[in-house]
Amino acid sequence: MATTKKKVLIGCSIALGVFLLLIVVGGFIGYRYFTSPIISARAMPEALQRTGVLVGEGFLSRSIYMQDTRLGTISDVKFGEFDPSPGPEIAIVGTRGALFVDANANAKSSVMFSVHAGHVEIVDVDGDGISEYLDRGGGWQDVSLIDHKGNAIWTYGGMPGVDNISAGDINRDGILEFVVGFNGDGGVRLLDRYGKEKWTQPDGNVWHVELVDVNGDGSLEIVHSNAAGKIVVRGKDGKIIHTAKPAPYFSTFSWCRWPTKRARQYALLAENDIIWLFDFFGKSVFQFDAPLAGKLGNARGVPRRIQNKQSEYFAVVVEFSNWNRSILYVYAPDKKLVYQEIIPEACASIASLSLDSKGQETLLVGCNGKVWKYSVEAGATVRR
243 MATTKKKVLI GCSIALGVFL LLIVVGGFIG YRYFTSPIIS ARAMPEALQR TGVLVGEGFL
303 SRSIYMQDTR LGTISDVKFG EFDPSPGPEI AIVGTRGALF VDANANAKSS VMFSVHAGHV
363 EIVDVDGDGI SEYLDRGGGW QDVSLIDHKG NAIWTYGGMP GVDNISAGDI NRDGILEFVV
423 GFNGDGGVRL LDRYGKEKWT QPDGNVWHVE LVDVNGDGSL EIVHSNAAGK IVVRGKDGKI
483 IHTAKPAPYF STFSWCRWPT KRARQYALLA ENDIIWLFDF FGKSVFQFDA PLAGKLGNAR
543 GVPRRIQNKQ SEYFAVVVEF SNWNRSILYV YAPDKKLVYQ EIIPEACASI ASLSLDSKGQ
603 ETLLVGCNGK VWKYSVEAGA TVRR
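Dropping the structure here:
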């Protein structure tokens, strides 16, 4: 009996030790990546308190392309066919609603969302040319699929809290599936078009998730970050294909193409005053100097053709939502920083669209209830 009690006590002690270790590790991670930004929000870096152009004065001019405060923070700008009316339009999607405009920013239609959304992107679940909207959340909040009229089709979440969701046709059947990354030990989960779970796989603190063709074979893989700061690549069944640990901590990222819009896709990350482009197996492919970018911003980038038959520039916006600040960086084809501006708003989207037949693309940056339009100043030197 004494031996049995001793074994029980030893077992309990080990379990308690493991539990305390998990608390310490989890507490450190939580402090580093959640509490720290909140504290930082109370003390904005002095360098970000100054707004305006820091590099490249006279290279770009800025004007308001669209303004509608009802939409909230603009989180997606895309060109395509999104509603039953004939012809394409520009979709401007915010946290509260969406607006469809023509090339001259004249409104065609609009919709307001019935749910309180986080970062919203436009999607077409069935491939029928009529859009839906994916509320990707904002960390520790439920996510939703919203129909074309603004009503929630389904909402998904619960404990320990959703960090992010992404959509893609992983089964190649013409209908989108949804991959969800959970906080804590909630892991990674695949949902069908109706928001029903198809499978779940374990992982810790899945900060961000995307569906991307990582090897150019036409099939999508699941790519996500986690508590260990790793890039994790999974197949359509959720089984891990590859993991890698980049030099900077890999947390919130986006994907983009570089050096052209038809080039392969890369993971984009702002960390340690550098804009990093990684392949999805962890190799650092490109690095761009990004003064003041720090390590707490969310970065999104897009190639931008300045003039016809010339190499693309690279435009990146880094959003600091806690401080209501953003930094716009524009790089020449040789990776030289030619423009840098601190914007006194949270800007959660960037797009480069051809709005005329002259071969020059228009750079659009979505911020708080407005979209800024950036154009090359007359007489500005354009690098090849």
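Every number in the numbering used here is 242 more than the matching position in the sequence shown, counting from 1. Glycine included, C-beta positions come from ideal geometry on N, C-alpha and C.
- Secondary structure at residue 564: helix, using DSSP grouped into helix, strand and coil.
- Looking at the DSSP output, residue 486 shares a beta bridge with 473.
- Cβ atoms of residue 347 and residue 307 come within 8 Å of each other, at about 5 Å.
- Residue state for residue 293 is assigned as coil, using DSSP reduced to three classes.
- Every beta strand (DSSP E) of 3 residues or more that sits fully in the stretch 388–425 is shown, in chain order, as 394–398, 404–410, 419–424.
- The residue among 371, 367, 375 with its C-alpha nearest the C-alpha of residue 356 is 375.
- The beta carbons of residue 294 and residue 584 sit closer together than 9 Å.
- Burial check for residue 623: the Cβ neighbour count within 10 Å stays below 16, so the residue is exposed.
- It is roughly 42 Å from the alpha-carbon of residue 343 to the alpha-carbon of residue 427.
- Around the C-beta of residue 573, 16 or more other C-beta atoms lie within 10 Å, and the residue is accordingly described as buried.
- With respect to residue 510, residue 541 sits close: the two C-beta atoms are nearer than 9 Å.
- Residue 310 has its alpha-carbon roughly 24 Å from the corresponding atom of residue 557.
- Taking C-beta atoms as the reference points, residue 406 and residue 449 count as a pair closer than 9 Å.
- Counting only runs of 4 or more residues that sit fully inside the stretch 516–573, no alpha helix (DSSP H) segment turns up.
- Residue environment: residue 291 is assigned as exposed (fewer than 16 neighbouring CB atoms within 10 Å of its CB, all protein chains considered).
- For residue 318, the enclosing beta strand (DSSP E) has its first and last residue at 316–322.
- Taking C-beta atoms as the reference points, residue 500 and residue 458 fail to come closer than 9 Å.
- Within the same chain, 511, 513, 514, 518 come within 7 Å of residue 490 by CB-CB distance, once the 5 residues on both sides are set aside.
- Assigned with DSSP and collapsed to three states, residue 313 falls in helix.
- Residue 376 has 363, 387 as its beta-bridge partners, per DSSP.
- As the crow flies, the alpha-carbon of residue 456 is around 14 Å from that of residue 527.
- For residue 318, same chain residues with a beta-carbon under 6 Å away, outside a window of 5 residues either side, are 335, 363, 364, 591 in chain order.
- If you draw a straight line from the Cα of residue 614 to the Cα of residue 401, it is about 38 Å long.
- It is roughly 21 Å from the alpha-carbon of residue 350 to the alpha-carbon of residue 610.
- A Cβ-Cβ distance of about 24 Å is found for the pair residue 408 and residue 341, leaving them out of contact under the 8 Å criterion.
- Per DSSP, reduced to three states, the secondary structure at residue 452 is strand.
- A direct Cα-Cα distance of roughly 31 Å separates residue 567 from residue 389.
- Burial state of residue 546 is buried, judged by a 10 Å Cβ sphere holding 16 or more other Cβ atoms.
- Pairing residue 431 with residue 302, the inter-Cα distance amounts to about 43 Å.
- DSSP places residue 288 within a helical segment (H, G or I) once states are collapsed to three.
- The criterion of a C-beta distance shorter than 9 Å is not satisfied by residue 569 and residue 523.
- Beta-carbon to beta-carbon, residue 425 and residue 382 are separated by about 6 Å, close enough to satisfy the 8 Å threshold.
- Counting the other Cβ atoms within 10 Å of the Cβ of residue 603 gives 16 or more, which makes it buried.
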